[in-house]
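Residue numbers (our numbering), protein chains in the order written: chain A, 3 to 957; chain B, 13 to 110.
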């Protein structure tokens, strides 16, 4: 079949129920009203030449190539900007049009290099194709006139380059940056012949500009002017395989474009239901970690964590691991064993890991990283709505009138979704931001929040209760919805609670530090502004009252009737590519796949019959409890797939103590991560490019992951888990992940209709998928809540026990940024480090000045738990009294200072509230130095000798 | 508040039990006791339960203490909130995905 671009229809698809019939070149065509003539022609196989049109952006009409003749219309209108009309008669090819198009093309080519044979876009260039289409044979102007052929190339971006000499100023890139991405980093500088594409100011290049390297401009460019450096280096792809991104919870669909087994580039798939043809810098460009020199591809073992690693065969590694596990089980019992599934691995792989732990290890000590991010979402939405699944799909944002964004920074954490949100905001939807920081969305190109509530960290519940107070006492509640869809007794109790004067914005202002009138304005807007949707993230969940905050959010949505249709809802922005899937697959210690508690005998029987074992009916340990039990001496062995708890979990010293206390730590990963410093067995993993399976994104959308190259380590991750299970006597015989998916469908009602064949046919589907919902379920709770009535829950504000005081007067909160992803295991091993080489501490100018700190200075960050050192960025994005940092670099040791405080219901760590002091420093702390030395020692691999004959660390 | 050298993880378990209880206080004293017991019954592993059952009840607050008494006597409370209601074998509706 070979390599083909996805078809470009020239202008976006029109949404209309009214159909229009017309004739194009003698052929009848019927399309929705609002469709352009260009698109109508392309839909019936015609191809009006164009250069400035592309179907993910509105028409611009600048290139003048797509001219047509229309009966009864004067002149030669551009087909991209001309909407179809009933009974229109269009001709796309006439002698007059031929002459006009050839003339336009002559002008373009008169100022364009003629090095097609050596150009990286040779055979993949729209200008080249259009020149052929119009039959261009010569350029009568010659080439001696003024031109742009010596314009210098901009190589500043690590992934693509900009060659102005090849630019035809079609402005597709400018429009992509504006309309698709919403960053507005590009512009056309100058006029007429002097027109040139410019990134930000004249003195900027792409890297120094506001460009976020999403690649939309590269994708839009019809020539080689903006092109991936990988294409220049390797050549054009020969085939493309559709797969799903392995970074964040948006779950963008990409075409992995290959040449042999070499990945040339990742291009967003236009039919991706989550991303609709857009991407961010990570999914688009940051895949180089798969071939990084740090990648470990051979199994390794060691008896003690003080020894260097020994590379061994798979057989020896699995024998060593299974021997240790069996010995521990015999001596200490199955309860001493456990594991952590990966929210980065596929549904099939996660299912097998929890199956291994429950049915082979014999314990329910399995958990996943949802513990440390959205577990309060699970608890809170289940209590109020009966189910914690996100209520909407991403498309829903285009029908919203008011966005209430709490504790989330989507332009950094969920960038492709943020671009869509920004499109809606530019169309006129209003924005309310509740965040201690002035995130980018508060004020950015063409967007300004109607209200920003910069609350004191830890006061989410107080703020939301104050908003509820306004809604109820001012008569803004949707009584009809409440009476029809909710438990009215629970509502009455809740309404009485929030109406109390002690919950007014004025009374709570000293606690929340949010001006009362601003809070009242935000509440009124949410309640009366039309369709109102809440989007939230870890700034809600990672608190000691995370679950209560989620319940308070659900209360607001129910009170105002903002549930059960497009444009509204409660939308948790799930972080990981497959955290939804990991939870669906039974990764929590208290439940089996499909959210069925272990105590339910009928469910256990179902699994016991299928698996041929008996299962422990008791809940197992959560991650933090596993570490506590390890320190106590009753938890001895752990199998960790694709998770780095030493870097990502709070109170690093406690995590280290827990790991060190264990006798068998098995790390299954791509790299020797921080947790591997304490490991005895390292099993090399495979990347998303090297395996088949499925991910489930934040919309509950199950999407395929397709293998495009052989795993460098020899096995897909599910195969490794099977090998370990069989080394322990399991006798599993899976030969393809589709068989695992069939088992999941057999045992899990919400997946009953899902199969690999079905996904191959449909592309993706949102669960539940069963007899009642054979086409899947985009929006939930449409006519009623899936579990009966919505339940209002009284959420009393309980201040955190993490208090500031004279020794620790500031509050630290943490977050992520666009270019790095979580612990940075992948992104730090790509060129993304050019944007974020280290974690910085954001500090208000007043706090910095009081401490004698300037921008870029080293500072000691200390809490009651520990201390670390990092450099300061002085900024007023944070309020006085609040400091902020990211956690992408292990050297920063940000989690040395975070505490053991956690959400009351789920033990989700309270990362967002740590009392700290900040002081000038000379450099790294003793702990950082000791840690670095220990990490270097731990990464030694026996047999790798340096020039001095000393063993060198792996990294 | 983390594990202590002499008390192991017991101080943490006491803290967790009291923290759960504090967040159920809005239900009223008696219901808070049952809700705390329900939560611990459904989410704590046997070791954690054994440790706190064996602990001195006076170390716990006025809601957590009676809740642990209730569980330690072998009783299992009815579900007090939907957080502890799960799907039955063939059901679909519940989910507590995090």
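Note that CB positions come from ideal geometry on N, CA and C, so glycine has one too. From a predicted model like this one, the values you see are computed outputs, not experimental measurements.
At a Cβ threshold of 9 Å, is residue 75 (chain B) touching chain A? Position 63 of the second chain, counting from 1, holds the residue named residue 75 (chain B). Judged by the 9 Å Cβ criterion, residue 75 (chain B) is not in contact with chain A.
What's the gap between the Cα of residue 472 (chain A) and the Cα of residue 212 (chain A)? Within the first chain, numbered from 1, the residue matching residue 472 (chain A) stands at position 470. Within the first chain, numbered from 1, the residue matching residue 212 (chain A) stands at position 210. Each residue's Cα considered, the two are about 39 Å apart.
Is there at least one Cβ from chain A nearer than 9 Å to residue 21 (chain B)'s Cβ? Indexing the second chain from 1 puts residue 21 (chain B) at position 9. So yes, residue 21 (chain B) belongs to the interface.
Residue burial classification, residue 152 (chain A) (beta-carbon count within 10 angstroms, cutoff 16): On the first chain, position 150 is the one that residue 152 (chain A) refers to. The residue in question, residue 152 (chain A), is exposed, as its Cβ has fewer than 16 Cβ neighbours within 10 Å.
Interface partners of residue 98 (chain B) on chain A, CB under 8 Å: Position 86 of the second chain, counting from 1, holds the residue named residue 98 (chain B). Correct list: 593, 597, 598, 599, 602.
Can you look up residue 834 (chain A) in the DSSP assignment and give me helix, strand or coil? The count along the first chain starts at 1 and reaches residue 834 (chain A) at position 832. Residue 834 (chain A) falls in the helix class under three-state DSSP.
Check this for me: beta carbons of residue 798 (chain A) and residue 38 (chain B), under 9 Å apart or not? As a working note, residue 798 (chain A) is residue 796 in the first chain. As a working note, residue 38 (chain B) is residue 26 in the second chain. A contact, by the Cβ cut-off of 9 Å.
In the DSSP output, what is residue 143 (chain A) paired with across the bridge? For the purposes of this step, residue 143 (chain A) is taken as the residue at position 141 of the first chain. Answer by DSSP bridge pairing: none, since residue 143 (chain A) is not bridged.
Would you decide whether residue 13 (chain A) is buried or exposed? Buried here means 16 or more other CB atoms lie within 10 Å of its CB. Looking up residue 13 (chain A) in the first chain gives position 11. That one is buried.
List the residues of chain B that residue 751 (chain A) touches, going by C-beta distances under 8 Å, in chain order. For the purposes of this step, residue 751 (chain A) is identified with residue 749 of the first chain, where counting begins at 1. Going along chain B in sequence order, the residues near residue 751 (chain A) (Cβ under 8 Å) are 99, 102, 103, 104.
Does the beta carbon of residue 14 (chain B) sit closer than 9 Å to a beta carbon anywhere in chain A? Position 2 of the second chain, counted from the first residue, corresponds to residue 14 (chain B). Low local confidence applies: a pLDDT of 47 at residue 14 (chain B) is under 50, so the model's placement there is unreliable, and no value is given.
What are the boundary residues of the alpha helix (DSSP H) that includes residue 684 (chain A)? Numbered from its first residue, the first chain carries residue 684 (chain A) at position 682. Not the alpha helix (DSSP H): residue 684 (chain A) falls in the beta strand (DSSP E), residues 683–686.
Boundaries (first-last residue) of the alpha helix (DSSP H) holding residue 191 (chain A): Counted from its first residue, the first chain places residue 191 (chain A) at position 189. Segment 188–191 is the beta strand (DSSP E) holding residue 191 (chain A); no alpha helix (DSSP H) there.
For residue 58 (chain B), which residues in chain A fall below 7 Å Cβ to Cβ? For the purposes of this step, residue 58 (chain B) is taken as residue 46 along the second chain, with counting starting at 1. The answer, in chain order, is 620.
Determine the chain B residues that contact residue 462 (chain A) at a beta-carbon separation under 9 Å, and present them in chain order. As a working note, residue 462 (chain A) is residue 460 in the first chain. What residue 462 (chain A) touches in chain B: nothing, since even the nearest Cβ is about 14 Å away.
Please decide whether residue 51 (chain B) counts as near chain A, where near means a Cβ-Cβ distance under 9 Å. Within the second chain, residue 51 (chain B) is the residue found at index 39, counting from 1. Yes - at least one Cβ of chain A is within 9 Å of the one on residue 51 (chain B).
Are at least three pairs of beta-carbons, each pair with one atom in the region 664–682 of chain A and one in the region 286–302 of chain A, less than 8 Å apart? yes
Do the region 638–652 of chain A and the region 271–283 of chain A touch if we need at least three Cβ pairs shorter than 8 Å? no
Under 9 Å, Cβ to Cβ, is there at least one residue of chain A near residue 18 (chain B)? Taking the second chain and counting its residues from 1, the one referred to as residue 18 (chain B) is at position 6. Caution applies to residue 18 (chain B), whose pLDDT of 38 falls short of 50 and renders its modelled position unreliable; the model cannot decide the point.
Where do the ends of the alpha helix (DSSP H) carrying residue 23 (chain B) lie? By 1-based counting over the second chain, the position of residue 23 (chain B) is 11. 22–36 is the span of the alpha helix (DSSP H), which, as asked, contains residue 23 (chain B).
Please confirm if residue 745 (chain A) has its CB atom under 9 Å from at least one CB of chain B. What you label residue 745 (chain A) is simply residue 743 of the first chain in a count that begins at 1. By this cut-off, residue 745 (chain A) is not an interface position.
Residue 58 (chain B): first and last residue of the uninterrupted alpha helix (DSSP H) it sits in: Here residue 58 (chain B) refers to the residue found at position 46 when the second chain is read from its first residue. It spans 58–66 - the alpha helix (DSSP H) in which residue 58 (chain B) sits, taken as one unbroken run.
Taking 9 Å as the CB-CB cut-off, is residue 71 (chain B) touching chain A? Here residue 71 (chain B) refers to the residue found at position 59 when the second chain is read from its first residue. So, not an interface residue.
Would residue 82 (chain B) be called buried (16 or more neighbouring beta carbons within 10 Å of its own) or exposed? Here residue 82 (chain B) refers to the residue found at position 70 of the second chain. Burial call: buried.
Neighbouring residues, chain B, relative to residue 865 (chain A) (Cβ below 8 Å): For the purposes of this step, residue 865 (chain A) is taken as residue 863 along the first chain, with counting starting at 1. Ordered by position in chain B, no residue passes the 8 Å Cβ test against residue 865 (chain A), which lies about 13 Å from the chain.
Against chain A, does residue 95 (chain B) count as a neighbour if the rule is that its beta carbon must be under 9 Å from one of theirs? Numbered from 1 along the second chain, position 83 holds the residue referred to as residue 95 (chain B). By this cut-off, residue 95 (chain B) is an interface position.
N-terminal and C-terminal residue of the alpha helix (DSSP H) that residue 82 (chain B) is part of: Numbered from its first residue, the second chain carries residue 82 (chain B) at position 70. Unbroken alpha helix (DSSP H) run through residue 82 (chain B): 76–84.
Starting from the beta carbon of residue 38 (chain B), find every residue of chain A whose beta carbon is closer than 8 Å, and list them in chain order. Residue 38 (chain B) sits at position 26 when you count from the first residue of the second chain. The answer, in chain order, is 499, 796, 797, 798.
Is the beta carbon of residue 641 (chain A) sitting closer than 9 Å to the one on residue 341 (chain A)? By 1-based counting over the first chain, the position of residue 641 (chain A) is 639. By 1-based counting over the first chain, the position of residue 341 (chain A) is 339. Yes, the pair counts as a contact, with Cβ atoms nearer than the cut-off.
For residue 446 (chain A), does the three-state DSSP call read helix, strand or coil? Here the question's residue 446 (chain A) lines up with position 444 in the first chain. Three-state DSSP puts residue 446 (chain A) in a strand.
Delimiting residues of the beta strand (DSSP E) encompassing residue 341 (chain A): Translated into the one-based positions of the first chain, residue 341 (chain A) becomes position 339. Here the beta strand (DSSP E) through residue 341 (chain A) covers 339–342.
Taking 8 Å as the threshold, find out whether the region 42–54 of chain A comes into contact with the region 88–102 of chain A through three or more Cβ pairs. yes
Could you have a look at residue 599 (chain A) and say whether DSSP puts it in helix, strand or coil? Here residue 599 (chain A) refers to the residue found at position 597 of the first chain. Here residue 599 (chain A) sits in strand by DSSP.
What did DSSP end up calling residue 817 (chain A) once you bin it into helix, strand or coil? On the first chain, residue 817 (chain A) is found 815 positions in, with the first residue counted as 1. Strand, per DSSP.
Who are the near neighbours of residue 115 (chain A) in its chain, counting only those whose CB is closer than 8 Å to its CB and skipping five residues on each side? Residue numbering aside, residue 115 (chain A) sits at position 113 when the first chain is read from its first letter. Contacts found: 121, 151, 167, 168.
DSSP three-state assignment for residue 983 (chain A), whether helix, strand or coil: The displayed coordinates of chain A run from 3 to 957. Any statement about residue 983 (chain A) would go beyond what the structure contains.
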